[in-house]
Amino acid sequence: MELNRYLDLSPEVTEALENGRPVVALESTIISHGMPYPQNVETALHVEEIIRENGAVPATCCVIGGRLKAGCTAEQIEYLGRTGAGVAKASRRDLATLVARGLDGATTVTTTMIIAHMAGIRVFATGGIGGVHRGAETTMDISADLEELAQTPVMVVCAGAKSILDLGLTLEYLETRGVPVLGYGTEELPAFYTRRSGFKVDYRVDSPEELARIFRTSAELGFRGGILVTNPIPEEYSMDPDVINKAIDDAVAEADALGIRGKATTPFLLAKIKDLTGGDSLDSNIRLVYNNAALAAKTAVCLANG
Ligand code: PSU
Ligand code: MN
Numbered sequence: 019m020e021l022n023r024y025l026d027l028s029p030e031v032t033e034a035l036e037n038g039r040p041v042v043a044l045e046s047t048i049i050s051h052g053m054p055y056p057q058n059v060e061t062a063l064h065v066e067e068i069i070r071e072n073g074a075v076p077a078t079c080c081v082i083g084g085r086l087k088a089g090c091t092a093e094q095i096e097y098l099g100r101t102g103a104g105v106a107k108a109s110r111r112d113l114a115t116l117v118a119r120g121l122d123g124a125t126t127v128t129t130t131m132i133i134a135h136m137a138g139i140r141v142f143a144t145g146g147i148g149g150v151h152r153g154a155e156t157t158m159d160i161s162a163d164l165e166e167l168a169q170t171p172v173m174v175v176c177a178g179a180k181s182i183l184d185l186g187l188t189l190e191y192l193e194t195r196g197v198p199v200l201g202y203g204t205e206e207l208p209a210f211y212t213r214r215s216g217f218k219v220d221y222r223v224d225s226p227e228e229l230a231r232i233f234r235t236s237a238e239l240g241f242r243g244g245i246l247v248t249n250p251i252p253e254e255y256s257m258d259p260d261v262i263n264k265a266i267d268d269a270v271a272e273a274d275a276l277g278i279r280g281k282a283t284t285p286f287l288l289a290k291i292k293d294l295t296g297g298d299s300l301d302s303n304i305r306l307v308y309n310n311a312a313l314a315a316k317t318a319v320c321l322a323n324g
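Going by this note's numbering, the residue at position 183 of the sequence shown is 201; the numbering climbs one at a time, nothing skipped.
See the structure below:
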């Protein structure tokens, strides 16, 4: 296998890919910018365990010293988690400069998809994706994650989108760019902390086998884009919609008042929502990531079994 000259695979990921064994990519902005230390590191390590328990090899992605990594060591995960927002949040626009300068970066959904695809990894588990922000009609704040889904053939398993975003516009954008939005066991787009949003997904899918079949078919049709799988948070960990929606509205209002813009927006809102819910949103966030990791691993196993 001819690898990109800037890409390093961990020994375990190399071995798995060479032997056609299942691998699941994981992002690192969720570690550095998405959760506080030390829960971020504990979660990231436990997610790797869940992937292994479900028969796949985890490939946490990041940029260290200008090298793109698919497969991090526990020390690298600890470093990203402890450094937090001191590490650059690396989107597509950042990657060439960080690599050219030999710097570090935490990968978002966008850059994790890029690295996964370079490495030959087809399935990626995360918590939530970026999307069209509320008020985007004036700010034009639309996450690069949506464009990456349109152009990079990776299946991204998430828990839907948070209502820090405009969910309706996010779905419209994905439709325009030809990205299928699948609901795992649901007709309705899950809203991250809750199972319901009032918006419909494109298709309900009820098994990892079928997720794998749809992904394979997309590639066989010659499509270059990705597929978004939305997996509802397990009932027992979902939040009271009134409580979480109030916290989200207050967090969005505070971000506006403080003039928070651009890449700082999503991390600001996540931290604020956690404070406003007394940490309950963090617990839910962790649980839904575990749930997505298990589904992604099962899907990767189905894909590897042909
Ligand atoms: N949503 C979460 N947790 C996260 C993110 C989103 O619930 O950690 C991160 C992901 O890395 C995602 C990024 O790709 O935020 C999107 O940032 P932006 O909205 O600036 O594109
Ligand atoms: Mn943005």
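A virtual CB, placed ideally from N, CA and C, is assigned to each residue, including glycine.
Remember, it's a predicted structure, so these values are computed and weren't measured experimentally.
Nearest to P76 (by Cα), restricted to the options A88, V223, G84: For the purposes of this step, residue 76 is identified with residue 58 of the sequence shown, where counting begins at 1. Nearest of A88, V223, G84 to P76, Cα basis: A88.
Check: K281 C-beta below 8 Å from any heavy atom of the ligand MN: By one-based count along the sequence shown, residue 281 stands at place 263. The answer is yes for K281.
Residue from L25, R110, L21, P40 with nearest C-alpha to N323: Along the sequence shown, one-based indexing puts residue 323 at 305. Taking only the C-alpha atoms, the option nearest N323 is P40.
Host beta strand (DSSP E) of P76 (start-end): The residue given as residue 76 occupies position 58 in the sequence shown. Element bounds for P76: 75-82.
Residue burial classification, Y211 (beta-carbon count within 10 angstroms, cutoff 16): To locate residue 211, count along the sequence shown from 1; it is residue 193. Counting the other CB atoms within 10 Å of its CB gives Y211 a total of 16 or more, which places it among the buried residues.
DSSP-derived helix/strand/coil call for L121: Numbered from its first residue, the sequence shown carries residue 121 at position 103. Residue state, collapsed to three classes: coil.
Proximal residues to A237 (C-beta, below 7 Å), its chain only, five neighbours per side dropped: Start at 1 with the first residue of the sequence shown, and residue 237 comes out as number 219. So the qualifying residues of the chain are P171.
G52 CB to nearest heavy atom of the ligand PSU below 8 Å: Mapped onto the sequence shown, residue 52 falls at position 34. Under cutoff, so the answer is yes.
DSSP-derived helix/strand/coil call for V31: Residue numbering aside, residue 31 sits at position 13 when the sequence shown is read from its first letter. In the structure shown, V31 sits in a helix (DSSP, three-state: H, G or I).
Buried/exposed call for L276, threshold 16 Cβ in 10 Å: For the purposes of this step, residue 276 is taken as residue 258 along the sequence shown, with counting starting at 1. L276 comes out exposed.
In DSSP terms, what H151 is bridged to: The residue labelled residue 151 in the question sits at position 133 within the sequence shown. According to DSSP, which records beta bridges pairwise, H151 is partnered with L183.
heavy atom of the ligand PSU below 8 Å from T128 C-beta: Counted from its first residue, the sequence shown places residue 128 at position 110. Because some heavy atom of the ligand PSU lies under 8 Å away, the Cβ of T128 counts as near it: yes.
Proximal residues to E6 (C-beta, below 8 Å), its chain only, five neighbours per side dropped: Outside the shown range of the chain (19 to 324) lies residue 6, about which nothing can therefore be said.
Three CB pairs or more closer than 8 Å across the stretch 305-322 and the stretch 223-238: yes
Start and end residues, beta strand (DSSP E) containing T61: Within the sequence shown, numbered from 1, the residue matching residue 61 stands at position 43. T61 -> not in any beta strand (DSSP E); alpha helix (DSSP H) instead, spanning 57-71.
Beta-carbon spacing of F142, V175 below 9 Å: Residue numbering aside, residue 142 sits at position 124 when the sequence shown is read from its first letter. Residue numbering aside, residue 175 sits at position 157 when the sequence shown is read from its first letter. In this structure, V175 lies closer than 9 Å to F142 by Cβ.
As assigned by DSSP and simplified to three states, the class of A177: As a working note, residue 177 is residue 159 in the sequence shown. DSSP places A177 in coil when its eight states are reduced to three.
Limits of the unbroken alpha helix (DSSP H) element including T129: Locating residue 129 in the sequence shown gives position 111, where the first residue counts as 1. Per DSSP, the unbroken alpha helix (DSSP H) holding T129 starts and ends at 127-137.
Terminal residues of the alpha helix (DSSP H) in which A311 lies: Reading the sequence shown from its first residue, position 293 is the one you call residue 311. Segment 298-322, the alpha helix (DSSP H) holding A311.
Start-to-end residues for the alpha helix (DSSP H) that takes in R222: On the sequence shown, residue 222 is found 204 positions in, with the first residue counted as 1. Segment 221-223 is the beta strand (DSSP E) holding R222; no alpha helix (DSSP H) there.
Any 3 or more C-beta pairs closer than 8 Å across the stretch 179-188 and the stretch 203-221: yes
The stretch 38-54 / the stretch 303-319 touching (three or more Cβ pairs under 8 Å): yes
Nearest candidate by alpha-carbon position, reference K218, set R195, D267, L187: If you number the sequence shown from 1, residue 218 lands on position 200. With distances taken between Cα atoms, K218 lies closest to L187.
Contact check, V127 vs A311, beta carbons under 9 Å: As a working mapping, residue 127 is identified with position 109 in the sequence shown. As a working mapping, residue 311 is identified with position 293 in the sequence shown. No, they are not a contact pair.
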